[in-house]
Amino acid sequence: MIRCPKCGERFGLQEGQAEGEWAEIISLLPIFGNHGKIVFEYVELFGVVPLRGRGKKILRLLKEVAKLFGSEKFDFQKREYRISKVGIMEALQVVCNKQFSSKLENHNYLKKVMMGIAEHEQKERRDRADKDLRRLEDKKMRRLEDKDEQAEGEVITAGEYKKRKKIDSLVDQIGKQFGARRIE
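Under numbering that gives the first Met the number 0, residue 183 is the last one in the sequence shown; the count climbs by one each step, no gaps.
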């Protein structure tokens with residue numbers, strides 16, 4: 000038996016360890032923000048109910064989910080996937096809504112759900128990057144075209160040029176400019 004230094008109450012070693020585990024569990028929950036309930040619901044799918052005496056397993060599972068939540072990436076089938084916190088929460092919601100006939104043994108089902116979400120997010124990121132690149136290229140091309148127009152001055156048609164110069168044939172004009180003689 001151990002005695003509490005503050006209140007003097009006696010308790011067993013196991014109870015003391017469990018209290019420490021629960022203090023750590025409680026300290027992990029703020030990592031998940033408003034999503035702490037869904038994370039705990041997911042942990043309950045591993046058969047940790049009743050909670051008494053299951054603090055170690057709950058703590059281990061919460062640490063694993065917290066690591067996933069913090070890094071926003073996971074490995075599955077020798078491949079690394081990046082996923083947003085929103086995607087993780089979406090996957091947890093899907094897993095928690097599924098009715099399992101037995102308790103979960105590992106995170107593989109969650110990872111399979113997250114894999115689809117991560118691939119979708121990656122495609123969206125790629126599409127957004129392509130769109131941004133096209134927008135940037137278009138902007139640069141417009142700037143180049145504007146510079147060309149400014150360098151050339153006013154752009155006019157061949158017909159307009161003939162009217163302004165009061166000539167009948169552009170061929171006659173070209174021959175005069177380059178010093179060539181017209182053979183008749």
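Backbone N, C-alpha and C define an ideal beta-carbon position, used for all residues, glycine too.
Here the structure is a predicted model, which is why all the values come from computation and not from measurement.
Query                                                                                                                                                 : Result
Under a Cβ-count criterion, where at least 16 other Cβ atoms within 10 Å of its own Cβ denotes burial, should Ala22 be classed as buried or exposed?  : exposed
Tell me whether Arg53 sits in a helix, a strand or coil according to DSSP, three-state version.                                                       : coil
Using the beta-carbon count (16 or more within 10 Å), is Met140 buried or exposed?                                                                    : exposed
So for Lys72, helix, strand or coil by DSSP?                                                                                                          : strand
Tell me the residue span of the alpha helix (DSSP H) that contains Glu104.                                                                            : Per DSSP, Glu104 belongs to no alpha helix (DSSP H) and is neither H nor E.
Going by C-alpha distance, which of Asp131, Phe39, Tyr80 is nearest Gly115?                                                                           : Tyr80
Do you know offhand how far Arg125's Cα is from Leu28's?                                                                                              : 33 Å
Considering Cα atoms alone, identify which of Ser100, Phe39, Ser168, Leu132 is closest to Ala65.                                                      : Phe39
List the endpoints of the continuous alpha helix (DSSP H) containing Ile87.                                                                           : 84 to 96
Give the secondary structure of Ala157 by DSSP, where H, G and I count as helix, E and B as strand, and everything else as coil.                      : helix
Assuming Phe184 and Leu44 make a contact with CB atoms under 8 Å, what is their CB distance in whole Å?                                               : Beyond the ends of the chain as shown, which are 0 and 183, falls residue 184; an answer cannot be given.
Keeping to the same chain, check which residues put their C-beta closer than 7 Å to that of Ser83; ignore five residues upstream and five downstream. : Glu71, Glu120
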